[in-house]
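With positions in the sequence shown counted from 1, the corresponding number in this note's numbering is that position plus 97.
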Amino acid sequence: MNEEKRITVKDIATLAGVSKGTVDRVLHNRGEVSEASREKVMRIARQIGYKPNMHASLLASQKRYVMVCMIPEYAPGEYWDLVAKGITAAQKKAEPFRISIQLFKYDLFSERSMDECFARVMEQRPDAVVMAPTFQSRARAIMDELHALDIPCLLIDSCLPDCTYLAYFGMHMMRSGYLAAHLLTDRCSADKIVVFRIHKDMESPNNSAESRYAGFRQYLEEHAPHTELIHLYIHPYDREYNRTVLRSFFVAHPDVRHIITFNSRVHLIAEYLKQEGRESSTVLIGFDHLPRNVGALEDGTVKFLITQHTENILSLCAQTVINHLIYHVPPVQRDTFLPMDILTRYNADFYRPVLI
């Protein structure tokens, strides 16, 4: 099979009747060229379907780019650990285009820490910033600042539709909460549901958890409007405190069977239920395929996990940044919602990373 001949600058110069230097100046928008020559070169280039060799142009320019990712700190096996593990695949995509990817972390429970993290990020003079809008008000201010500096911002974990950003990758948070309500109540109606939240949410609500909760409430208003919701707060790292909260709750509400949490820490509740022998009498639903969550799913304490291929998020961001910075191609759509996967004890063992 004959390979299609690559169209070169020399071909355009010959057809347009100008020098290669003139063609180069027109195509790269540099130097002075007469308007007649410019129009002729561009017309010929369009007619013959000329496409620039972006790799060659990039190598010639020697320009380097920096993509910075701002995410909360994490321990091994936590949600943000799964996100961060995707950085290797993202770097493999970005390296040929001279784009380095840097990871900056902040305290999930401190807005001040997020501010300090952003200050460190800006010291890197980034060409693109990926972040999770953990604290809504601060995230909005950051996006405004980046927009003023013409630095593209990409959102992960949750989005803020009324803000300016290049792209979002993650679940549709409201729809995932709607789905969770369906799974929790479809086969067994609930007079009462206990919603477990993390202590951070009392002062600075987590954007993703709040969006899921809004979808959850919407489903109940449409299908089970008389259901009573009880809210309890637990601590992500204080097991004894959580045991006290849970024990007091079930003493006061022994008949409550339906339980949900909108964050990735359902294993904290599952651990107590199993220790107290309550796993068979409750319907517990959570989010994200963390190892401890999957363990609680496989032993039957958790009935459903709603999850996504978290390991691909940074790779998707890297491809979008490449398209934006190198090829000047905008995203096909601003919000890319990843599929919501429903795991049970019977299929969790087959859920494997699928790197893209």
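Glycine is no exception: its CB is placed at the ideal position from the N, C-alpha and C atoms.
In the DSSP assignment, the residues bridged to Met164 are Ile198, Ala225. Ranked by Cα distance from Gly383, the first of Ile356, Leu326, Thr407 is Ile356. Judged by beta-carbon spacing, Arg362 lies within the 8 Å limit of Ile295, meaning their Cβ atoms are closer than that value. Secondary structure note for Cys414: its alpha helix (DSSP H) is the uninterrupted segment 410-422.
Spatial neighbours of Asp121 in its own chain (CB-CB distance under 7 Å, excluding positions within 5 residues in sequence) are listed in chain order as Val106. In this structure, the alpha-carbon of His406 lies about 49 Å from that of Thr119. Across the set Glu337, Cys250, Tyr330, the C-alpha of Cys250 shows the shortest separation from the C-alpha of Thr417. Counting along the chain, Lys289 sits inside the beta strand (DSSP E) bounded by residues 289-295.
Here the alpha carbon of Gln372 sits roughly 33 Å from the alpha carbon of His320. For Val451, no pairing in a beta bridge is given by DSSP. When Cβ pairs closer than 8 Å are counted between the two stretches, the region 254-263 is seen not to touch the region 275-293, the count staying below three. Counting other Cβ atoms within 10 Å of its Cβ, Gly312 reaches 16 or more and is therefore classed as buried. Thr433 is positioned such that its CB atom lies closer than 8 Å to that of Leu413. Comparing C-alpha distances from Phe201 to each of His279, Val226, Leu370 shows the shortest one belongs to Val226. Between Asp224 and Ile248, the C-beta spacing is below 8 Å. Among the bridge pairs identified by DSSP, Ala264 is matched with Leu251. Residue Ser116 holds the alpha-carbon nearest to the alpha-carbon of Ser131 among Arg217, Ser116, Ala277. Glu208 is the residue among Leu246, Glu208, Arg222, Glu220 whose C-alpha sits nearest the C-alpha of Ala229.
Looking at the DSSP output, Phe434 shares a beta bridge with Gly267.
Out of Asp438, His421, Met437, Leu440, the CA that lies nearest to the CA of Arg431 is found in His421. Where Thr404 is concerned, the enclosing beta strand (DSSP E) starts and stops at 401-404. Between Ile331 and Leu276, the CB-CB gap reaches or exceeds 8 Å.
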